[in-house]
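If you use my numbering, the sequence shown corresponds to residues 93 to 287, in order.
Worksheet for the structure shown next.
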Amino acid sequence: MESALSKVSKQELALSSPILPSSLHKAFLELECLYTASDCLIAYNVLINKWGNDSSADVPVFWLHSKAALMASFTMNWCKLFGSDSTDRFWKQVTLEQKAFRELVYTVTEFNYQGWADYRKMMTAFRNKVVSHPTPYFDCNDVPDFSAAFDVLKVTHKWLRQVAEYIDEPVVGNLSNREYFENIAIEIDRSVSSC
């Protein structure tokens, strides 16, 4: 992923359509969904590493409920940003409507246009199932592979940083932390290890 993003320098950032600073600021209002989704998935993976991915009797009930809640929150927040054709014009204008952004997503995830569309539909269907009928006892075999979804979050974080720098806008909040994902993973791992 680093190599895909490093190919796009500030001078070469090819935007399919102009991004106004006001649109970028409005898109930044959706960043909480991006970081909530990433934090939930990182915590979910840390807990899976600690207790595994089954629902046998020897697994703490806390883990079963935490796993379901983290998965639901991750899926819901990811889908707010990427799941279906959102009506949030500002978010789409800054990300999904930009050809260079889509190409980065395709490169990092190895999706083509149809694969990306199918993945988004699959995540939306999973969201509809998990959020509509949450239970800690669902079949773990029905869980999609979240690695591509996480890669998209990381691409988006880096993309938005570059867009802000390109149009000379301040990089704010968690977006200003280049190593956000690595730092939050360490923090969550420490918290879980101390339990």
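Where a beta carbon is used, it is the ideal one built from N, C-alpha and C, also for glycine.
Give me the Cβ distance between L245 and A164, rounded to the nearest whole Å; I'm assuming they're in contact under 8 Å.
Not a contact, Cβ separation roughly 16 Å.
Mapping the DSSP letters down to three states, classify S101 as helix, strand or coil.
Note on S101: pLDDT 48, under 50, position unreliable in the model; no value is reported.
When burial is assigned at 16 or more other CB atoms within 10 Å of the CB, is N141 buried or exposed?
The residue is exposed, with fewer than 16 neighbouring Cβ atoms inside 10 Å.
Taking its Cβ as the centre, do 16 or more other Cβ atoms sit within 10 Å of Q206, making it buried, or is it exposed?
So Q206 counts as exposed.
Measuring CA to CA, which of P262, L139, C171 is closest to M214?
It is C171.
Have a look at N220, K191, N204 and flag the residue whose alpha-carbon is nearest the alpha-carbon of P236.
Checked all of N220, K191, N204; the closest Cα to P236 is N220.
Apart from the five residues just before and just after S158, which ones in its own chain have a Cβ nearer than 7 Å to its Cβ?
So the list reads L139, once near-sequence residues are dropped.
Can you check which of these residues, T201, T216, A135, K118, is closest to A277 by C-alpha distance?
Ranking the options by Cα distance to A277, first place goes to A135.
Classify K102: buried if its beta carbon has 16 or more other beta carbons within 10 angstroms, exposed otherwise.
Bear in mind that the predicted position of K102 carries a pLDDT of just 48, short of 50, making it too unreliable to give a figure here.
I'd like the span of the alpha helix (DSSP H) that includes G207, first residue to last.
From DSSP, the alpha helix (DSSP H) with G207 extends over 205-224.
Inspect the beta-carbon positions of W183 and L196 and report whether they are closer than 8 Å.
Not in contact: W183 and L196 (Cβ atoms no closer than 8 Å).
Can you tell me whether Q190 is helix, strand or coil according to DSSP?
Looking at Q190 - three-state DSSP - the assignment turns out to be coil, as it is neither helix nor strand.
For P236, name the three-state secondary structure that DSSP assigns.
If DSSP states are grouped into helix, strand and coil, P236 belongs with coil.
One question on the structure: do V263 and I111 come within less than 8 Å of each other, judged by their Cβ atoms?
No. Outside cutoff.
Please classify D150 as buried or exposed, where buried requires at least 16 other C-beta atoms within 10 Å of its C-beta.
Looking at its Cβ environment, which holds fewer than 16 other Cβ atoms inside 10 Å, D150 is exposed.
At the level of alpha carbons, what is the spacing between V100 and L107?
Unreliable placement is indicated for V100, whose pLDDT of 48 sits below 50; the coordinate value is still reported in the next sentence. If I take the Cα positions, the gap works out to 11 Å.
So for L107, helix, strand or coil by DSSP?
Looking at L107 - three-state DSSP - the assignment turns out to be coil, as it is neither helix nor strand.
Using only the alpha-carbon positions, how far apart do T248 and Y198 sit?
Computed Cα separation, rounded: 12 Å.
Taking the C-alpha atoms as reference points, what is the distance between S268 and W155?
Rounded to the nearest angstrom, the two C-alpha atoms are 32 Å apart.
Can you give me the start and stop residues for the alpha helix (DSSP H) that I140 sits inside?
Per DSSP, I140 belongs to the alpha helix (DSSP H) from 123-143.
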